[in-house]
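Protein chains in written order, with this note's numbering: chain R, 4 to 530; chain B, 49 to 361. For reference, the structure discussed in these notes is given below.
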């Protein structure tokens, strides 16, 4: 019997809270304690007005890959296993428990008997099988997460069985992906287009109105299975109005004006003034995001490891952290975001211009220019590129900045027609495997996430880590992987970027998860 | 009858213009690198996923076939399905058309109401301090970036005075008027100086014409000359200027839409291009082309109101 407890233990073991400002960590720890609302008095009801910079492009869970859509779907739909209130662990979702066979090849999930869709119909084993099979189909956008899964079937009318081809430690985390949300099969098949606007799922909220380009109004799903510790029906809120407010100044002004209860993505250069507002709390939470410079190992002079290391040693990350991120974040010692098997002991490539110069000389650099791509209009990334250019020029490298619109820059990156690109990566899952493999496994379809990085030893270690169910073994393997890939000069990691939100003090229990979205089912309004 | 056949003639002329615009938009976007499916999936897409999506969207067909299919479907009122939003393009555009047209009409109205008296004053007090003040004020309004003006208006009328909401579109006609006041004012501050400049210029030109001298010689009052003869004749070029700018603002109001969080066509276009959402880009090109032609047609009809001779030409 493997229950949520074990899953939580597995995932909490290696999570060490980052060295953000001490006060911030304190807030994060207190805020991250699950069920802290249970004991206290809560006011039920009310409408939360929440302004965010992205809008859901669709609410059909099988289509999107953008955070505007994903983070909304997370409030509306359930999976068998779900990220917990911190984002770092897993807890039961539609499955109240699950069992794993001794050979770790068969996972059997027991469905909650009381789970209902927002239209009042019960969630059946058929709906679950339909949804997971759809997500795992070869043309599914996140199908790669289910590669080792041989079959998904109904064991009886209460159990769903996943049979694997080989042991696959990240399975529970993969099962929690939004792209495998359990949908009402009948409603989905009747009209998938309508489903993208009015999804029928079993999550804490359901859609009342989805007005593209303007707002999405969610209301409490009265059929939701979730209860708090005192047996009160969740969610507490009646309604959440998610307003689409792309302009950051407009979000901040709306917060000051009292139009919004919460705003997400406060720009770093406004954190100071927002923090100073009376009655407003600034929330800074670590999340699975790494801003970094993609390097294309297939292009000269970046194909030379010495040059890649020189680029790293000539990168003044402290200056970037202070001027671009206003001190928020943490200088990375990894090629990927800080997820559950992050290794703190990997030695960072420090800022050392002399070392960089020596490396450039050793490499016999012939002056081949390095073009650093930036997305047009992205001011922080442009600043990062400028600071990098200074250091690299000082180390004796020729650097040119080139601005392209995001689509063009991304096109270059995918086709391999680039050398270096200031961008980022985020994770929707709290298991190390997805990004560790996506970014460093050359056998994947993205050629090590467009870096064209090749290291057979890493491929082998990744496969071992994926197949091992022992957390200590996995930790050890991921430390080796992180050490190797990072010190091969895979990329130029810039910052572990936190989520920054601000809310009015009457908003209680607001929490940003490390996976990016928000834990809204126990938010309440003290007014 | 004359008016009707004139309008019909103009509508027929619309067809090649619209087709041309759509064709150019179609070809241009094909030339730009970037693939909608790959951009959307941000690196997670396997080649099978991309190939399957291309087949589903018809992107694996040769470009002429894609274009022919687009035109054929468009003739049947179907602009396809947005790649990133998975919704009919006609619905997506229709939802945004209202706010955009509302915003532009409101802006044009404010601009005209401000520009007419100021231009009259400026022209009739030509070279005097009041004329200079209006011209300098206009230049300042025109030169300030709309992004910044928008924020200033939000601070002043939204936060400090609390008169208007600072973002969103509202739900009823009354709410739209209130919500769109600040954005329209932002656009009008840019549009009005152009109108004043144009109107003042042509009024000064008309004022030196022989027939004005004749009117003066006939003993007509200055006021009557200005209103009846000068303004009327000077309006025609100004209507052209207004029509051209409105055509441009249909997609050019994106900054204002962005600052005030309005669901308009400009921001839709910017995102569609960013994501290479071909069906939306093509649909918008079609709609913009039609709107520009219609605005110009309305401008021509407005000339007629001002000057019946246009009909005979």
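Beta carbons: idealized from backbone N, C-alpha and C, even for Gly. Small disclaimer: the values here were computed from a predicted structure and weren't measured.
- Closest option to residue 250/R, judged by alpha-carbon separation, among 110/R, 89/R, 270/R: 270/R.
- Between residue 453/R and residue 264/R the beta-carbon gap is near 39 Å, outside 8 Å, which marks them as no contact.
- Bridge partners of residue 423/R according to DSSP: 298/R, 375/R.
- Closest in C-alpha terms to residue 504/R, from the list 290/R, 458/R, 336/R, 525/R, comes 290/R.
- Under the 8 Å Cβ criterion, the segment 515–527 of chain R does not count as touching the segment 306–321 of chain R, having fewer than three qualifying pairs.
- Per DSSP, the beta bridge partners of residue 293/R are 428/R, 499/R.
- With distances taken between CA atoms, residue 125/R lies nearest to 226/R out of 226/R, 83/R, 348/R.
- Contact between residue 184/R and residue 55/R does not hold, since their C-beta atoms are separated by about 20 Å, which reaches or exceeds 8 Å.
- Residue 192/B carries a coil assignment under DSSP once its states are collapsed to helix, strand and coil.
- In the structure shown, residue 136/B adopts extended strand secondary structure according to DSSP, grouped into three states.
- Annotation: the continuous beta strand (DSSP E) that includes residue 154/R extends over 152–157.
- Of all residues in the segment 88–121 of chain B, only 88, 89, 90, 91, 92, 93, 94, 95, 96, 97, 100, 101 place a beta-carbon less than 8 Å from a beta-carbon of chain R.
- Scanning the segment 42–79 of chain R from its first residue to its last, the whole alpha helix (DSSP H) runs of 4-plus residues come out as 70–79.
- Note that the C-beta distance between residue 148/B and residue 312/B is below 7 Å.
- The closest CA to that of residue 498/R, considering only 328/R, 352/R, 393/R, is found on 328/R.
- Just so you know, the alpha carbons of residue 331/R and residue 82/R end up roughly 32 Å apart.
- At a cut-off of 7 Å between beta-carbon atoms, residue 330/B makes no contact with chain R.
- Excluding residues up to 5 positions away in sequence, 330, 332, 334, 498 lie with their Cβ nearer than 7 Å to the Cβ of residue 324/R in the same chain.
- Neighbourhood of residue 83/B in chain R, by CB distance below 8 Å: 414, 417, in chain order.
- Residues of chain R whose Cβ lies closer than 9 Å to the Cβ of residue 214/B are, in chain order, 253, 256, 257, 260, 262.
- Residue contact with chain B for residue 66/R: present (Cβ-Cβ distance below 7 Å to some residue of chain B).
- Chain-order list of chain R residues neighbouring residue 134/B: 60, 61, 63, 66, 67, 195, 196, 199, by C-beta distance under 9 Å.
- Taking 7 Å as the cut-off, the beta carbon of residue 339/B is found no closer than this to the beta carbon of residue 290/B.
- At a cut-off of 7 Å between C-beta atoms, residue 215/R counts as an interface residue with respect to chain B.
- Taking C-beta atoms under 8 Å as the contact rule, residue 113/R and residue 101/R qualify, at a distance of about 7 Å.
- Rounded to whole angstroms, the gap between the alpha carbons of residue 171/B and residue 355/B is 21 Å.
- Chain-order list of chain R residues neighbouring residue 207/B: 256, 259, 260, by C-beta distance under 8 Å.
- Chain order gives the chain R residues near residue 140/B as 215, 216, where near means a beta carbon separation below 9 Å.
- Contact note: residue 449/R reaches chain B through 91, using a C-beta cutoff of 7 Å and chain order.
- Under the 10 Å beta carbon count, residue 61/B is surrounded by fewer than 16 other beta carbons and is classified as exposed.
- Against chain R, the beta carbon of residue 194/B has no neighbour under 7 Å; the closest one sits roughly 12 Å away.
- Here residue 276/B is exposed, its C-beta having fewer than 16 other C-beta atoms within 10 Å.
- Minimum Cα-Cα distance from residue 362/R among the listed residues 450/R, 346/R, 198/R, 397/R corresponds to 397/R.
- C-alpha of residue 425/R to C-alpha of residue 408/R: approximately 13 Å in a straight line.
- Scanning the segment 197–223 of chain R for uninterrupted alpha helix (DSSP H) segments of 4 residues or longer gives nothing; none is fully contained.
- Remark: C-beta atoms of residue 443/R and residue 461/R approach each other more closely than 7 Å.
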